[in-house]
Amino acid sequence: MKKIISITVAAFAMAVVTSHTVIAKESVASLRGTQDIEGSSLKVTKKKLISKEGGFERNYKQQPPLIPHKIAKYKINLKNNGCLKCHSKKNHKKEKAPMLGESHFLTRDGKKLDHVSSRRYFCTQCHAPQVEANPLVKNEFEGVK
Ligand code: HEC
Ligand code: HEC
């Protein structure tokens, strides 16, 4: 019985996914437009980065918060992490910036460190700034409130 239910659920989920793909295909143009492979791609329009005071609302509890400011000037490499100049335990008060989340100090075995864990060193792996861009596809996604 359980098996039948899960097969039905899987089939339903597939039907939903397929129907969405069909809708998406109809209304979305490739970023290359109708240019063929040999031709050059369309010029990319430069979009403005959004600075948002108070930050962006999160869509769900464990979401890495979006970055509400410009980041071009902050480099992250082996010797230096520009983000930590404001977000580290040591500097965040002085810079009036939110401190790294508690999870950023844990090793993969759950051991607490006094510095940012290497798993969380490359900030932009998870945190992304936002540009003023219209969604390419209409969507009705709503975050949890
Ligand atoms: C010059 C100081 C400074 C630097 C450097 C800096 N930030 Fe920030 N950051 C801030 C401040 C101040 C805020 C709070 C802005 C607000 O809420 O109005 C913030 C907010 C954020 C937030 C949102 C937190 C939340 O809970 O909404 C994220 C994520 C973030 N920064 C990531 C980064 C990353 C990644 C870098 C490096 C690429 C970086 N920041 C570099 C000052 C800085
Ligand atoms: C592997 C993904 C990942 C990486 C890498 C990462 N973060 Fe996060 N970050 C998260 C998640 C998930 C949250 C929300 C949950 C939490 O607070 O732990 C978060 C939360 C935050 C917050 C908000 C904390 C709060 O209490 O509101 C700040 C600020 C932040 N990160 C900055 C950074 C900076 C700066 C770096 C780089 C040194 C970084 N993060 C690297 C995933 C990541």
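Numbered according to mature numbering (1 follows the signal peptide of the UniProt record, and there is no 0), the sequence shown spans residues -24 to -1, 1 to 121. We put the beta carbon where it would ideally sit given N, CA and C, even for glycine. All values derive from a computational prediction rather than experimental measurement.
Check                                                                                                        : Outcome
beta-carbon A73 near ligand 2 non-hydrogen atom, thresh 8 Å                                                  : yes
Given 8 Å, three or more beta-carbon pairs between the segment 25 to 40 and the segment 106 to 119           : yes
Residues near E71 by beta carbon distance below 6 Å, same chain, minus five either side                      : C62
Validate contact between the segment 10 to 25 and the segment 93 to 112 using beta carbons, cut 8 Å, 3 pairs : yes
Which of helix, strand or coil DSSP assigns to C102                                                          : coil
S94 versus T83 - alpha carbon distance                                                                       : 8 Å
Closest Cα partner of L89 within the set S64, G15, V4, G58                                                   : S64
Span of the alpha helix (DSSP H), counted from its first residue to its last, around E118                    : It is not in any alpha helix (DSSP H) - E118 carries neither H nor E in the DSSP assignment.
Option nearest P56 by Cα separation, candidates Y97, D12, E14                                                : The amino acid at residue 56 is misidentified as Pro; the sequence shows Asn. When each option's Cα is compared against that of N56, the closest is Y97.
heavy atom of ligand 1 below 8 Å from G58 C-beta                                                             : yes
DSSP bridge partner residues for V4 (one or two, in chain order)                                             : None; V4 has no bridge partner.
Ligand 2 heavy atom lying under 8 Å from the CB of S27                                                       : no
Residue burial classification, Q13 (beta-carbon count within 10 angstroms, cutoff 16)                        : Note that residue 13 corresponds to Ile in the displayed sequence, not to Gln. It is exposed - the Cβ of I13 has fewer than 16 other Cβ atoms within 10 Å.
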